[in-house]
Amino acid sequence: HALVDVRDPPEAYSAQDFIEDADRAIHIAWERGRVPLLVGGTMMYFNVFKEGLAKLPSADPSIRENIEQRGQQEGWSELHRELVQVDPVAGATIEPGNRQRIQRALEVYQTTGIPISELWRNSNAESASERLNCNLVEFAVTVSREELHPRIESRLDDMLKAGFVEEVEALRERWGIDINAPSMRAVGYRQIGQFLNASETSGGPDDLRHSILVASRRLAKKQSTWLRGWRCLDGRAPLSADLESMLQKLTSLP
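If you read the sequence shown in this note's numbering, its first letter stands for residue 547, the second for the next number, and so on.
Next up, the structure:
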């Protein structure tokens with residue numbers, strides 16, 4: 547496996563970082579005579595890997611730090627309103643709670659004087675096929691909603707029994723991670739972080755489990771939306787006798 551444990555929890559990891567790291571890992575796999583597989587993960591990151599990103603200016607640490615301080619002092623909703631004024635298109639696209647994208651959009655504007663949405667429109671992004679000179683075959687292994695939800699619930703229970711809450715506690719103690727850090731936006735981590743902040747919740751473990759379950763199902767629905775239109779394989783029993791038929795479907799893809 548590649549791209550596992552490549553950042554410390556307090557560090558940001560942008561979509562551009564992912565593209566560069568993924569391209570590098572793919573070349574390493576080819577050098578070893580292997581076929582690289584991109585499996586699972588965040589659909590937005592896969593999409594930007596596939597489509598590429600507009601070439602944006604490098605981050606300016608001083609401007610980024612200033613925006614970060616303002617966000618903490620004034621609130622990110624206030625900075626989102628500022629973004630709407632200088633770049634209405636980006637302001638309408640970026641959610642008020644997505645502080646990482648708000649920060650980047652304001653940073654680009656303050657660095658160049660050009661709205662980030664204009665750079666998006668004039669994108670000279672290279673797709674994965676262009677960057678890597680390869681054919682990218684994408685497909686989804688899917689299950690029905692009736693089968694997926696019990697699996698989500700069972701997986702969550704296993705994670706909680708294995709010490710999910712204790713893991714987040716240890717991360718907070720070691721790194722002092724703020725609840726709004728990019729790494730804490732992941733489903734489960736955010737809910738546990740809120741649970742550990744006594745001022746933000748009065749519920750118990752059952753309420754925590756429910757909140758993670760709701761967020762997990764919401765994420766699964768969003769991922770299903772991303773996957774519409776993809777080639778789909780039946781994933782109900784991928785490791786059973788049906789595996790052979792699935793492999794035949796794969797090898798028959800153009």
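Here a beta-carbon is modelled for each residue, glycine too, at the ideal position from N, C-alpha and C.
DSSP state of residue i mapped onto helix, strand, coil
i, result
"Ala744", "helix"
"Arg777", "strand"
"Leu602", "coil"
"His547", "coil"
"Asn726", "coil"
"Ala558", "coil"
"Asn670", "coil"
"Val760", "helix"
"Val552", "coil"
"Ala636", "helix"
"Ala716", "helix"
"Pro582", "coil"
"Glu614", "helix"
"Glu790", "helix"
"Ala766", "helix"
"Ser798", "coil"
"Pro607", "helix"
"Gly739", "helix"
"Pro751", "helix"
Boundaries of the alpha helix (DSSP H) in which residue i is found, first to last residue
i, result
"Met590", "Met589 to Glu597"
"Val654", "Arg645 to Thr658"
"Ser663", "Ile662 to Arg667"
"Leu629", "Trp622 to Val632"
"Ala561", "Ala561 to Glu577"
Beta-carbon spacing of residue i, residue j below 7 Å
i, j, result
"Gln646", "Pro728", "yes"
"Ile758", "Pro556", "no"
"Ile565", "Phe592", "no"
"Gly637", "Leu625", "no"
"Gln562", "Leu599", "yes"
"Ser762", "Val733", "yes"
"Glu653", "Arg610", "yes"
"Ile738", "Val714", "yes"
"Ser604", "Asp633", "no"
"Trp776", "Ala674", "no"
"Leu549", "Asp567", "yes"
Along the chain, which unbroken stretches of the beta strand (DSSP E) at least 3 residues long are found entirely within the region 677 to 713?
-> Within the region 677 to 713, complete beta strand (DSSP E) segments of at least 3 residues are found at 685 to 688, given in chain order.
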